[in-house]
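**Q** Those sequence lines, one after another, are chains G and A.
For the first sequence, the residue numbers in the working numbering are 3 to 117.
For the second sequence, the residue numbers in the working numbering are 10 to 128.
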Amino acid sequence: AQSVTQPDIHITVSEGASLELRCNYSYGATPYLFWYVQSPGQGLQLLLKYFSGDTLVQGIKGFEAEFKRSQSSFNLRKPSVHWSDAAEYFCAVGATTDSWGKLQFGAGTQVVVTP
Amino acid sequence: DARVTQTPRHKVTEMGQEVTMRCQPILGHNTVFWYRQTMMQGLELLAYFRNRAPLDDSGMPKDRFSAEMPDATLATLKIQPSEPRDSAVYFCASGTAGSGGLVYNSPLHFGNGTRLTVT
């Protein structure tokens, strides 16, 4: 079964600074990888996804993520954060053998943006 | 924008009471998921449906939880009797999967959740 680890529970970043959120997965092959964002009181919203091909994927809100097979990682980045980026971010993995769309979510990383 | 609608947004109830949470998936979506979010466990998959048929509910405590889709526009999650440890935010998400299509191509759309507090 697949699993995903987000090593950082909480990150504080200054507005305008760069942001990188870590995600490591465990799966026997290359899984489907996703990043979701959750604002307070809201459901999750898809930021970006990786299935195959180019290992650098672009998402919404200026985010990008890079798949590194050798490190089993799928880290999320943003060059310059805005106060509105304060939220909780979830990495998720889906098994390529699964046709039903089940996702295994990481524990999440809470991002705080300071002025 | 089409969205997944969950009701109620908040529910406070006493232990032993029945709780019913409702979800209206996006029209045309044929896959519905129920997730539970807690501080300790994070996001856990409880059950999911394809074309209204339950595919997997192994994540649910069977003795007290039940999930159904009476029709394509309504999914319900019921807890009877409720316990304090059921306190959590329950999310419904819907997506689409065409015949032979890759379901992951369609992003999951999440509702805003039902925050359940059992005292």
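From the three backbone atoms N, C-alpha and C, an ideal C-beta is built for every residue, glycine too.
In this text the structure is predicted, and so the values were computed from the model without any measurement.
Would you mind stating whether Tyr38/G and Val95/G have Cβ atoms separated by less than 8 Å?
**A** The answer is no: Cβ separation not under 8 Å.
**Q** By how many angstroms is the C-alpha of Thr105/A removed from the C-alpha of Gly103/G?
**A** If you take the alpha carbons of Gly103/G and Thr105/A, they lie about 9 Å apart.
**Q** Measure the Cβ-Cβ separation of Cys93/G and Gln8/G and say whether it is below 8 Å.
**A** In contact: Cys93/G and Gln8/G (Cβ atoms closer than 8 Å).
**Q** Taking only three categories from DSSP, how would you classify Lys104/G?
**A** Residue state, collapsed to three classes: coil.
**Q** Does Arg61/A come out as helix, strand or coil in the three-state DSSP assignment?
**A** The answer is coil: DSSP assigns Arg61/A none of H, G, I, E or B.
**Q** Report the three-state DSSP secondary structure of Gly96/G (helix, strand or coil).
**A** strand
**Q** Helix, strand or coil, according to DSSP, for Gln46/A in the structure here?
**A** strand
**Q** List the residues of chain G whose Cβ lies closer than 7 Å to the Cβ of Ala106/A, in chain order.
**A** Gly103
**Q** Across which residues does DSSP place Asp72/A in a beta bridge pair?
**A** BP columns for Asp72/A are empty, so no partner.
**Q** What residues of chain D sit near Ala109/G, judged by a beta carbon separation below 8 Å?
**A** Included in the structure are the protein chains G and A, with no chain D among them.
**Q** With the cut-off set at 8 Å, would you say Gln60/G and Leu50/G are in Cβ contact?
**A** It is a contact, given that the beta carbons lie within the stated cut-off.
**Q** At a Cβ threshold of 8 Å, is Gln44/G touching chain A?
**A** yes
**Q** What residues from chain A crowd round Phe92/G, counting only those whose CB sits closer than 9 Å?
**A** Gly51, Leu52
**Q** Have a look at Leu83/A, Gly37/A, Glu53/A, His118/A and flag the residue whose alpha-carbon is nearest the alpha-carbon of Asp95/A.
**A** Out of Leu83/A, Gly37/A, Glu53/A, His118/A, Glu53/A has the C-alpha closest to the C-alpha of Asp95/A.
**Q** What separation, rounded to the nearest whole angstrom, lies between the Cα atoms of Thr123/A and Asp56/G?
**A** 38 Å
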